[in-house]
Ligand SMILES: Nc1ncnc2c1ncn2[C@@H]1O[C@H](COP(=O)(O)OP(=O)(O)OP(=O)(O)O)[C@@H](O)[C@H]1O
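Residue numbers (UniProt numbering): 1 to 254.
Structure (structure tokens):
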């Protein structure tokens, strides 16, 4: 099994954050990693996407956010990684109110979040390996550290053999796995995945969710939006459902 302690990918040093900020630190803790306090989101066109939503995400959670198209799932994730601001209420990350963070403090917090998008968002002119390394280059990691991290991240998603391929030479499922490797290569304690299975067939969707589950077992807090309730129920994890901007926590399935 993939072990946190034995994995160089999760034990390397990084130049701009402290060792405590590695994913390892969230294992077995029950502290709150993120919280939404009475969050309402109204877009500039008047569309109300979320209505007075309260949500607490604990370190170590594997949380599914489900709901119909337009229910507000992506909006909720965007608020968590600061791509959108609430119209009312507050978003808190690791004890910091996002709206109070600027410059380096905001950049530091964002480095502690990995994001996976439904449409992969890979750079077509770069190889798989280069796509994964992009984040590390941007964060100022040393070349030796980048080499040390990229291989294990690709192995984690089962794509070591495709390191030199370009995205267009990969299937959709493989491209999504590259985007997961890119999202976790800097060892963020929190991974947000926005409909990572949305473009995939059932087999590939299941593979992607298994990878996210494996990340969870080694200490990453995972939040996944997914409109496929059958898939979500099969995973027997914490589930919240958004219905027209209102949030409802579903009883844990067994
Ligand atoms: N940038 C925007 N400007 C205006 N309205 C927006 C914007 N982004 C989202 N919305 C609206 O907010 C509502 C929620 O959208 P959101 O993308 O969060 O839903 P979703 O549950 O993720 O949907 P889907 O499953 O189809 O991706 C929708 O009515 C949508 O049209």
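Built from N, CA and C at the ideal position, the CB exists for glycine as well.
Please read these numbers as outputs of a predicted model, since none were measured by experiment.
Heavy atom of ligand 1 within 7 Å of residue i beta-carbon
i	result
residue 179	no
residue 67	yes
residue 131	no
residue 213	no
residue 43	yes
residue 75	yes
residue 70	yes
residue 174	no
residue 87	no
residue 165	no
residue 47	yes
residue 229	no
residue 195	yes
Counterpart residues of residue i in DSSP-defined beta bridges
i	result
residue 64	224 and 239
residue 37	90
residue 259	What is shown of the chain runs 1 to 254, which leaves residue 259 out entirely.
residue 114	191
residue 54	Residue 54 pairs with nothing; no bridge assigned.
Where residue i falls, given that 16 or more other Cβ within 10 Å makes a residue buried
i	result
residue 162	buried
residue 92	buried
residue 221	buried
residue 169	exposed
residue 205	buried
residue 192	buried
residue 153	buried
residue 135	buried
residue 247	buried
residue 66	buried
residue 61	buried
Residues of its chain near residue i, where Cβ-Cβ distance is below 6 Å and the 5 sequence neighbours each way are ignored
i	result
residue 42	48 and 87
residue 31	59
Integer Cβ distance of residue i from residue j, believed to fall under 8 Å
i	j	result
residue 132	residue 177	That belief does not hold up - the Cβ atoms of residue 132 and residue 177 are roughly 10 Å apart, past 8 Å.
residue 317	residue 159	With the chain running from 1 to 254 in the structure shown, residue 317 is simply not present.
residue 114	residue 188	4 Å
Own chain, CB closer than 8 Å to residue i, minus 5 neighbours either side, in chain order
i	result
residue 121	179
7 Å CB neighbourhood of residue i in its chain, flanking five on each side removed
i	result
residue 50	39, 40, 41, 72, 75, 76 and 245
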